[in-house]
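In the numbering used here, the protein residues as written are 701 to 767.
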Amino acid sequence: MKSNVGGIDKILRIAAGLIVLGLFFVLEGNARYWALVGLVPLFTGLFNFCPLYSIIGVNTCPMKKAG
């Protein structure tokens, strides 16, 4: 897996994931389990890899300088 998530994108994914996961403790009934969707942006931010980005050819990681 080549990293394709970087910089601001990574920070926003982690923050959004944590906020959505926090809804698990606020919502009631079966609706609370929808908050587990927050695991997706959290993990993609932590692992610097988004499967959807690789499918559509997007890369937000900065280019590394050669040599």
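Think of the CB as a built atom: it goes at the ideal place given N, C-alpha and C, for glycine as much as any other residue.
- Here residue 744 carries a helix assignment [DSSP, helix/strand/coil].
- The region 713 to 726 and the region 739 to 755 touch, with no fewer than 3 CB-CB distances between them shorter than 8 Å.
- The beta carbon of residue 717 sits closer than 6 Å to the beta carbons of 738, 741 and 742 from its chain, once the five residues preceding and following it are set aside; these are given in chain order.
- Three or more beta-carbon pairs separated by less than 8 Å are not found between the region 725 to 737 and the region 745 to 758, which leaves the two stretches without contact.
- In the assembly as shown, residue 764 is an exposed residue. Its beta-carbon has fewer than 16 other beta-carbons within 10 Å.
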